[in-house]
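Accompanying notes for the structure given below.
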Amino acid sequence: MAIRYLLDTNICIYIAKHNPASVRARFEQLSADVLAMSVITLGELQHGAEKSQARSKALAALKQLQSVIQVQPVTEAAAQHYGQIRSALERKGRPIGNNDLWIAAHARAEGWVLVTNNEREFNRVEGLAVENWV
1 MAIRYLLDTN ICIYIAKHNP ASVRARFEQL SADVLAMSVI TLGELQHGAE
51 KSQARSKALA ALKQLQSVIQ VQPVTEAAAQ HYGQIRSALE RKGRPIGNND
101 LWIAAHARAE GWVLVTNNER EFNRVEGLAV ENWV
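See the structure below:
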């Protein structure tokens, strides 16, 4: 089966922490082959783990998460979408964070649904399918 959902950083954190239960329940309903995280998300998670006061525990949790959620590289198509999205949002005076731009571009370029608890920012991106499992 093909990837259908790209999980944003906050959703990956919820899955790792088993909280809220609604996110973990939805995650467990789906097969691993339809779920992915962007390498951008992995970078954000790595950063969080590195600066954690419980660094070893956080890095172990990240390794566990990577064993159940595949990491996808950013493609040339995603770079094209990044440029389109960033330009469109700047024209409207409604920019979003740079990493969020890349994650949105990645999902939109691949035709995947972005799963996030940050609907406020991602709903600004035209043509991006967004779901919130919280």
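Take the UniProt record's numbering: the final residue in the sequence shown is number 134, and no numbers are missing along the way.
Even for Gly, the Cβ is constructed at its ideal location relative to N, Cα and C.
Nearest-angstrom Cα distance between residue i and residue j?
i, j, result
"LEU7", "ALA36", "6 Å"
"GLU119", "ASP100", "11 Å"
"GLN84", "ARG26", "31 Å"
"ASP33", "GLN70", "8 Å"
Write down the C-beta distance between residue i and residue j rounded to the nearest angstrom, noting that I regard them as a contact closer than 8 Å.
i, j, result
"ALA49", "ARG55", "7 Å"
Count the other CB atoms, across all protein chains shown, that sit within 10 Å of the CB of residue i; report buried if there are 16 or more and exposed otherwise.
i, result
"SER31", "exposed"
"GLN72", "buried"
"ALA104", "buried"
"VAL68", "exposed"
"ALA78", "buried"
"ARG91", "exposed"
Taking 8 Å as the cut-off, decide whether the C-beta atoms of residue i and residue j are in contact.
i, j, result
"THR11", "VAL23", "One point to set straight first is that residue 11 is Ile, not Thr, in the sequence displayed. In this structure, VAL23 lies closer than 8 Å to ILE11 by Cβ."
"THR9", "GLU44", "yes"
"ARG4", "TRP112", "yes"
"HIS106", "SER38", "yes"
For residue i, which residues from the same chain have a beta carbon less than 8 Å from its beta carbon, with the 5 sequence-adjacent residues on both sides left out?
i, result
"ASN123", "VAL130"
"ALA21", "none"
Which residues in the same chain have their Cβ closer than 7 Å to the Cβ of residue i, if we skip the five residues on either side of it in sequence?
i, result
"GLN46", "LEU62"
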